[in-house]
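For what it's worth, this note's numbering labels the leading residue of the sequence shown as 1, then goes sequentially.
Note that the Cβ used here is the ideal one computed from N, Cα and C, for glycine as well.
Being a predicted model, the structure only gives us computed values, none of them experimental.
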Amino acid sequence: MLGYSRTQNNTDDSLRWDKQQSFENNYLRQTTAQSISETVQLSASRAFVMRDWILSTSVGVFHRNDNGGDNDDNGLYLSFSLSDTPTMDSNNNSHSTNVSTDYRYSDQDGDQTSWQLSHTFYNDSFSHKELGVTVGGLNTDTINSAVNGRWDGQYGNVYATVSDSL
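Now the structure itself:
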């Protein structure tokens, strides 16, 4: 897939007129700025089915030009995701697992690798219930974790998540 985007921002920072200042100083405090960013991106994605598992892959490159100056940036990204397809047993229980990783590189920001592992249990006996655990991270300096639950009942639905980052 080939993509192009152009973003143009205009600002008009009008400060209040200060009666203590001269006309020239007040006039010079009124500023106008404009920035333009253009990005071209080329990417390809593919999914593979292997029995009860789905492998999704994506690769891409980009070039960004900000105001035609020194803010140009080039980069690439790779991502992989492996997910199982939930199958229900005779007690209406099922579960799903997802493992994913994402690598990004840009001239301005350097390397960045993220990863995530999640597992969710489902029960659909009388109403839909689920309990999930997720662990993930960014590079080697951040780890995120979460436990989430859901219950769709006769009189309403309940959702809850507890998360933490290190």
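{"query": "Give the secondary structure of Phe-23 by DSSP, where H, G and I count as helix, E and B as strand, and everything else as coil.", "result": "helix"}
{"query": "Is the beta carbon of Asp-52 sitting closer than 8 Å to the one on Thr-85?", "result": "yes"}
{"query": "Taking Cβ positions, are Glu-38 and Asn-65 nearer each other than 8 Å?", "result": "yes"}
{"query": "Check Tyr-155 in the structure and name its three-state DSSP category.", "result": "coil"}
{"query": "For Asn-67, which residues of its own chain have a beta-carbon under 7 Å away from its beta-carbon, when the five flanking residues on both sides are left out?", "result": "Ser-35 and Ile-36"}
{"query": "Report yes if the CB atom of Ser-163 is closer than 8 Å to the CB atom of Asn-139, and no otherwise.", "result": "no"}
{"query": "Pick helix, strand or coil for Phe-121, following the three-state DSSP scheme.", "result": "strand"}
{"query": "Can you tell which of Ala-33, Asp-18, Ser-125 and Tyr-4 has its C-alpha closest to the C-alpha of Ser-94?", "result": "Ser-125"}
{"query": "Going straight from the alpha carbon of Asp-102 to that of Thr-120, what length do you get?", "result": "21 Å"}
{"query": "Out of Ser-56, Leu-55 and Asp-111, state which residue places its alpha-carbon closest to the alpha-carbon of Leu-76.", "result": "Asp-111"}
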